[in-house]
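Engineer:
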Amino acid sequence: FVQIASIFAFATCGGFKGKTEIHVSCLKSNENKTITATFGYPFRLNQASFEALTNATVCDINWKSYVLIGDYSSSAQFYVTFAVFVFLYCIAALLLYVGYTNLYRESRKLPMVDFVVTLIATFLWLVSTSAWAKALTDIKVATGHNIVQELEPCKHLRVMCAFGSVTSMGSLNVSVIFGFLNMILWGGNAWFVYKETSLHSPSNTSASHSQGGIAPPGI
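Take a look at the structure:
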C-alpha cells in the first residue's frame with residue numbers, strides 16, 4: 407500500500423493543469439473579453455502570461471506582457487521528486503524482501519539501514535508535504551479573486567476587470583492528503599522495521615548469556 411500511496415502523491419500533483427479567467431470590459435469601445443492564464447506543475451506562475459481567446463490585445467493592452475505572481479516550483483518539485491524516489495525505494499526494498507529474505511534476516515546491517523532510511527523518509531514526508539501544503543495555499547490566493555487587484559491594467563479607469571473562474575484544485579488537495587498519509591504509513595512501518603534490527607532483537611551471544619547460568623549440582 408505504501409507504493410500505491412506514493413504514486414498517488416506525485417501523480418495528483420505532477421499531472422495538474424489549470425487556468426484562471428478574468429472578464430475584461432473596455433469602457434471606451436464597449437468591448438467585453440475573457441483573458442486566461444494557464445498554469446500547472448511545477449507552478450512557475452510568474453511565467454504564466456494572460457491571453458485572450460482571439461487576440462492578445464484587449465482594450466489596447468497587450469496582456470501577454472502580464473503574468474501571474476509567484477514561483478512555487480521549489481516546493482512542488484521537492485515534493486514530487488521525493489515521492490518518486492520513495493516509490494523506487496519501495497520497489498527495490500520489495501525485491502530484497504521477496505528474493506533475498508534469508509540474506510536480510512541474517513544480516514545485522516541491512517535491517518539497521520532500512521530502519522534509518524524509514525525514519526528519514528518519515529521526516530522528509532512531513533517536511534515536503536508541509537512545504538507543499540503552504541505553497542498550495544499561496545497558489546490558490548495567487549490565482550483567485552485577489553488577482554484582479556494585482557493586475558496593473560485593471561487599475562486603469564478605462565478598463566473594468568472582474569474575476570471569472572479558476573480550475574478546481576481538488577486533485578492538489580488530494581496530493582496533500584496523500585503526503586500526510588504517507589508520513590503516517592512510514593512512521594507506523596518504522597516500528598515493524600525496528601523489530602528486525604539488533605536494537606530490538608538481542609544477538610545470539612547476549613541471548614545465550616542471558617539464558618545461561620550455573621548448572622545445578624548433580625544429585
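In my numbering, the protein residues as written are 407 to 625.
The C-beta atom is built at its ideal place from N, Cα and C for all residues, glycine as well.
Residue 414: which of 427, 599, 485, 448 sits nearest, CA to CA?
Structural biologist: Comparing Cα positions, the closest option is 485.
Engineer: Are there three or more Cβ pairs, one per stretch, closer than 8 Å when the region 522-534 is compared with the region 585-600?
Structural biologist: Yes, the region 522-534 is in contact with the region 585-600.
Engineer: If we call anything under 9 Å between Cβ atoms a contact, is residue 409 one with residue 465?
Structural biologist: No. Outside cutoff.
Engineer: Tell me which residues share the same chain as residue 559 and place their Cβ nearer than 6 Å to its Cβ, disregarding the 5 neighbours each side in the sequence.
Structural biologist: So the qualifying residues of the chain are 467, 565.
Engineer: What number of angstroms, rounded off, separates the C-alpha of residue 511 from the C-alpha of residue 517?
Structural biologist: Whole-angstrom Cα-Cα distance: 8 Å.
Engineer: Excluding sequence positions up to five away, which residues of its chain have a Cβ less than 6 Å from the Cβ of residue 580?
Structural biologist: These residues qualify, in order along the chain: 418.
Engineer: Return the residue from the list 602, 411, 424, 412 that minimises the CA-CA distance to residue 514.
Structural biologist: When each option's Cα is compared against that of residue 514, the closest is 602.
Engineer: What residue range does the beta strand (DSSP E) around residue 475 cover?
Structural biologist: From DSSP, residue 475 is part of no beta strand (DSSP E); its letter is neither H nor E.
Engineer: Could you name the residues of the same chain whose beta carbon sits closer than 7 Å to that of residue 482, not counting the 5 residues immediately before and after it, in chain order?
Structural biologist: Contacts found: 419, 447, 448, 449, 538, 541.
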